[in-house]
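Encoded as structure tokens, the structure appears first; notes follow it.
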Amino acid sequence: MGDHMSDDAIRLRAVSRRYGTGGAAVTALDEVSLAFPRGTFTAVMGPSGSGKSTLLQCAAGLDRPTSGSVTLGGTELTGLGEAALTRLRRERVGFVFQAFNLLSALTAEQNVALPLRLAGRRPKKSEVREALQRVGLGDRVRHRPAQLSGGQQQRVALARALITRPEVLFGDEPTGALDSKTGRDVLGLLRGMADRDGRTVVMVTHDPVAAAWADRVVLLVDGRVDGELTGAGAADIAAYMTRLEAAPC
Ligand code: ADP
Numbered sequence: 063m064g065d066h067m068s069d070d071a072i073r074l075r076a077v078s079r080r081y082g083t084g085g086a087a088v089t090a091l092d093e094v095s096l097a098f099p100r101g102t103f104t105a106v107m108g109p110s111g112s113g114k115s116t117l118l119q120c121a122a123g124l125d126r127p128t129s130g131s132v133t134l135g136g137t138e139l140t141g142l143g144e145a146a147l148t149r150l151r152r153e154r155v156g157f158v159f160q161a162f163n164l165l166s167a168l169t170a171e172q173n174v175a176l177p178l179r180l181a182g183r184r185p186k187k188s189e190v191r192e193a194l195q196r197v198g199l200g201d202r203v204r205h206r207p208a209q210l211s212g213g214q215q216q217r218v219a220l221a222r223a224l225i226t227r228p229e230v231l232f233g234d235e236p237t238g239a240l241d242s243k244t245g246r247d248v249l250g251l252l253r254g255m256a257d258r259d260g261r262t263v264v265m266v267t268h269d270p271v272a273a274a275w276a277d278r279v280v281l282l283v284d285g286r287v288d289g290e291l292t293g294a295g296a297a298d299i300a301a302y303m304t305r306l307e308a309a310p311c
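Position 162 (the sequence shown) corresponds to 224 in this note's numbering; numbering is contiguous.
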């Protein structure tokens with residue numbers, strides 16, 4: 063029982079990540095403790111170099127903390143070997159990046175089917191089509207990335223991230239390369255993944271307008287949690303960021 067029955071999809075306890083040693087050592091994360099409740103959408107913000115990417119990578123099992131513990135759906139990641147960690151990443155988490163990262167030689171449906179193939183499964187055409195329909199691309203299944211707009215490519219990337227039905231979806235600036243209208247479409251889909259599908263969404267962003275779609279904004283400064291905003295609008299988030307950037311180091 064214990065953690066497995068918890069309502070938190072991810073929990074970080076006193077997570078630190080240091081790079082290098084001696085005088086050149088950098089503390090990217092400094093004893094960060096955070097919980098991400100199931101079915102919620104969290105935005106992670108903070109100045110450049112504040113530890114946002116490192117936090118995402120440690121939470122997703124892409125990087126290992128120097129100390130502290132990370133649990134995902136009750137599984138303690140720090141105790142897992144490489145093979146188990148790879149399987150967990152494949153089966154239980156999804157990723158979307160600023161740069162879409164689609165394979166240009168493959169069609170939309172082949173891109174979406176890829177995670178299932180990597181997991182050794184033979185994808186059913188119906189489940190791949192369903193995932194593309196879910197992101198509004200049911201009529202673009204045979205298109206290659208170059209034949210799609212940026213917003214459409216990011217929606218293919220979302221369908222690819224969702225095909226394994228992950229518990230947690232991580233986004234690293236998923237709207238960073240999109241104009242505001244197509245960015246809104248993608249944010250609306252992320253919002254729906256939390257509200258309609260009960261997935262847990264964690265997104266790094268610089269954009270207060272994007273962050274306002276989240277239930278909660280976590281603000282990092284120098285590898286520590288500086289504060290949190292719940293249900294805040296873009297203006298309040300922007301004001302917080304301005305205060306942070308004005309504060310002396
Ligand atoms: P953010 O995503 O907020 O810009 P990062 O998590 O990328 O911040 O980086 C946090 C700190 O850790 C920065 O000082 C950065 O230079 C340092 N850092 C990140 N990755 C590495 C690495 N592989 N080697 C050394 N230092 C790193």
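Ideal placement from N, C-alpha and C gives every residue a C-beta, glycine not left out.
Since the structure is predicted, the reported quantities are computational estimates derived from the model, not experimental observations.
Task: Distance between Gly238 and Arg206 (C-alpha atoms, nearest Å) - done: Indexing the sequence shown from 1 puts residue 206 at position 144. Indexing the sequence shown from 1 puts residue 238 at position 176. C-alpha separation (whole angstroms): 21 Å.
Open item on the list: Between the alpha carbons of Phe232 and Gly85, how many angstroms are there, rounded?
Closed with: Residue 232 sits at position 170 when you count from the first residue of the sequence shown. Residue 85 sits at position 23 when you count from the first residue of the sequence shown. Spanning the two alpha carbons is a distance of roughly 33 Å.
Open item on the list: Quick check on the contact list: which residues have their beta carbon closer than 5 Å to a heavy atom of the ligand ADP?
Closed with: Tyr81, Val88, Ala90, Ser110, Gly111, Ser112, Gly113, Lys114, Ser115, Thr116
Task: Beta carbon of Arg100 nearer than 8 Å to that of Gly254 - done: Looking up residue 100 in the sequence shown gives position 38. Looking up residue 254 in the sequence shown gives position 192. No, Cβ-Cβ distance for Arg100 and Gly254 is not below 8 Å.
Open item on the list: On a Cα-Cα basis, can you pick out the residue from Asp269, Glu307, Asp288, Val283 that is closest to Gly295?
Closed with: Residue 295 sits at position 233 when you count from the first residue of the sequence shown. Nearest C-alpha to Gly295: Asp269.
Open item on the list: Within the continuous beta strand (DSSP E) that includes Asp241, where are the two ends?
Closed with: Taking the sequence shown and counting its residues from 1, one reaches residue 241 at position 179. No beta strand (DSSP E) contains Asp241, which DSSP labels as neither H nor E.
Task: Pair within 8 Å by beta-carbon distance, Val264 and Val132 - done: The residue you call residue 264 lines up with position 202 of the sequence shown. The residue you call residue 132 lines up with position 70 of the sequence shown. Taking 8 Å as the Cβ cut-off, Val264 and Val132 do not qualify as a contacting pair.
Open item on the list: Beta-carbon within less than 6 Å of Arg73's beta-carbon, same chain only, minus the 5 sequence neighbours each way: which residues are those?
Closed with: Within the sequence shown, numbered from 1, the residue matching residue 73 stands at position 11. Closer than 6 Å at the Cβ level, and outside the excluded window around Arg73, lie Ala97, Thr133.
TODO: Quick one: grab the DSSP three-state call for Ile225.
DONE: For the purposes of this step, residue 225 is identified with residue 163 of the sequence shown, where counting begins at 1. In this structure, Ile225 counts as coil in the three-state DSSP scheme.
Task: Coil, strand or helix - Leu306 by DSSP - done: The count along the sequence shown starts at 1 and reaches residue 306 at position 244. Note: Leu306 maps to helix in three-state DSSP.
Open item on the list: Tell me the DSSP secondary structure of Met63 in three-state form.
Closed with: Your numbering for residue 63 matches position 1 in the sequence shown. Per-residue confidence for Met63 stands at a pLDDT of 43, beneath the threshold of 50, marking its modelled position as unreliable; the derived number appears in the next sentence. Met63: coil per DSSP, three-state reduction.
Open item on the list: Is the beta carbon of Gly108 closer than 8 Å to that of Leu281?
Closed with: Start at 1 with the first residue of the sequence shown, and residue 281 comes out as number 219. Start at 1 with the first residue of the sequence shown, and residue 108 comes out as number 46. Yes, these two residues count as a Cβ contact at 8 Å.
Open item on the list: Between the alpha carbons of Asp284 and Tyr302, how many angstroms are there, rounded?
Closed with: Walking along the sequence shown from the start, residue 284 turns up at place 222. Walking along the sequence shown from the start, residue 302 turns up at place 240. Taking the straight line joining both Cα atoms gives about 16 Å.
TODO: May I have a chain-ordered list of the beta strand (DSSP E) segments no shorter than 3 residues that lie completely inside the stretch 156 to 241?
DONE: 230 to 234
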